[in-house]
Amino acid sequence: MESTNLVQLPNPRPRQLEEAVTAFRHRITDSGLFTDESLVRILDGHPSEFLAVSRMGSDCRKYEWSEGDLTGLGGAELLTAVRKGRLWLNVRKVTRFWPELNRLVERLYSELEQRCPEFRTSRHSANILISSPKALVYYHLDLPQNILWQVRGHKRIWVYPINERTVSSEVLESTLASERLEDLPYDPDTDAMAEVFDLASGDVVTWPQNCPHRVENAGDLNISLSTEHYTAAQLRRIRVAQANSAIRKATGLTSRSVRTDGLGYAMKYGVLLASRTSQRWIRRRQDHKLIEYPRTFRVNPSAADGVEPLDAPVAGTVGY
Ligand SMILES: [Fe+2]
């Protein structure tokens, strides 16, 4: 494997990776790191506070996202449940805990930086995403720039430009300043603006920092590697937004955003918590690098849909 390039990105333009939605190819599937056997080993050994399971509805217009409890379950049981359910398993910060994955991610960035000499990145991190057939990820944006490496299965991703219709400047700034979570109000009419990619094993797509996006899986189990990084310009952008926010709070010159558009649907659907309620629960504990959030279901590989509801939400934590 060492002698062959893992990244296949022919003739990129200068700054293309930072400034344009870009699809290319990779060769990491054959690394052996993403087989069922390897994933079970990783799931069994990964710190529980860096392992998160979520469940979602089936309509991208109705935000029904809830977090679950997987205490005591082994990797094989988790894979069984994900194959049956509508689940999204996020194995977070894998490069911190798995040297072979850290070597892989560093090599991927090294190859990208060789291909694009102006692309200089820092703060690399990576999550392995294991998601059910037909699972979806609602319309949202992420703080760092993402690169999505599709390893197994098939999914469709919509990537939207940043403009007032897709994410208002007010919401964008408050997201950059970490004043709100990264999910967004979704208007299906903006789909016409999106670039759409059908991803299969070996496909990669990346998009400029903070571009909204959403995902729908096809009918098979999906294994993806999501890598994150910052360039110097991207770090500056976040610091400016944080400074603007601090100035606004200190001077009161502009009222703070209290928008919750698009949130709160989930109360209608019984087992899932309203995300507005979740917002109240979720808080960052900077000292311990943990986020607290409510868990509303438990993974049960024997259940028809891989989960059982909890009678009452329990507090959970996840590292970041
Ligand atoms: Fe994302």
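All residue numbers for the sequence shown refer to this note's numbering, where the first residue is 10 and numbers rise by one.
The C-beta atom is built at its ideal place from N, Cα and C for all residues, glycine as well.
In this structure, Thr305 and Glu76 form a Cβ contact; the two beta carbons are roughly 7 Å apart against a cut-off of 8 Å. With the rule of 3 Cβ pairs closer than 8 Å, the stretch 25-40 does not count as touching the stretch 80-90.
In this structure, His149 has its beta carbon less than 7 Å from a heavy atom of ligand 1.
Contact between Arg64 and Glu127 fails: their C-beta atoms lie close to 41 Å from each other, not under 8 Å.
By the CB criterion at 8 Å, Gly66 and Pro142 fall outside the cutoff.
Rounded to whole angstroms, the gap between the alpha carbons of Ser210 and Asp45 is 15 Å. Just so you know, the alpha carbons of Ser140 and Asp198 end up roughly 27 Å apart. Secondary structure within the stretch 160-246: the beta strand (DSSP E) runs of 3 or more consecutive residues, fully enclosed, are 164-168, 204-208, 212-215, 222-226 and 231-239 (chain order). Assignment of beta strand (DSSP E) within the stretch 28-66, counting only whole runs of 3 or more residues, yields 31-35 and 60-65 in chain order. Bridge partners of Pro318 according to DSSP: Phe306. Annotation for Tyr72: no beta strand (DSSP E) segment contains it, and DSSP assigns it neither H nor E. By the Cβ criterion, the stretch 167-184 is not in contact with the stretch 106-125, since fewer than three pairs of Cβ atoms, one from each stretch, lie closer than 8 Å. Note on geometry: alpha-carbon atoms of Ser177 and Arg223 lie some 17 Å from one another. Note: Gln17 is bridge-paired with Arg34 in the DSSP secondary-structure output.
Under the three-state reduction of DSSP output, Ala90 falls in the helix class.
Beta-bridge partners assigned by DSSP to Ala135: Thr236. For His238, the distance from the CB to the nearest heavy atom of ligand 1 is not below 7 Å. Spatial neighbours of Leu26 in its own chain (CB-CB distance under 7 Å, excluding positions within 5 residues in sequence) are listed in chain order as Leu121, Cys125, Phe128 and Thr215. Put simply, of Val114, Ile247, His163 and Lys164 the residue whose alpha carbon is nearest the alpha carbon of Asp151 is Ile247. In this structure, Leu208 lies near Ile166, with their beta-carbon atoms less than 8 Å apart. For the 8 Å CB-CB criterion, Glu109 and His133 do not form a contact.
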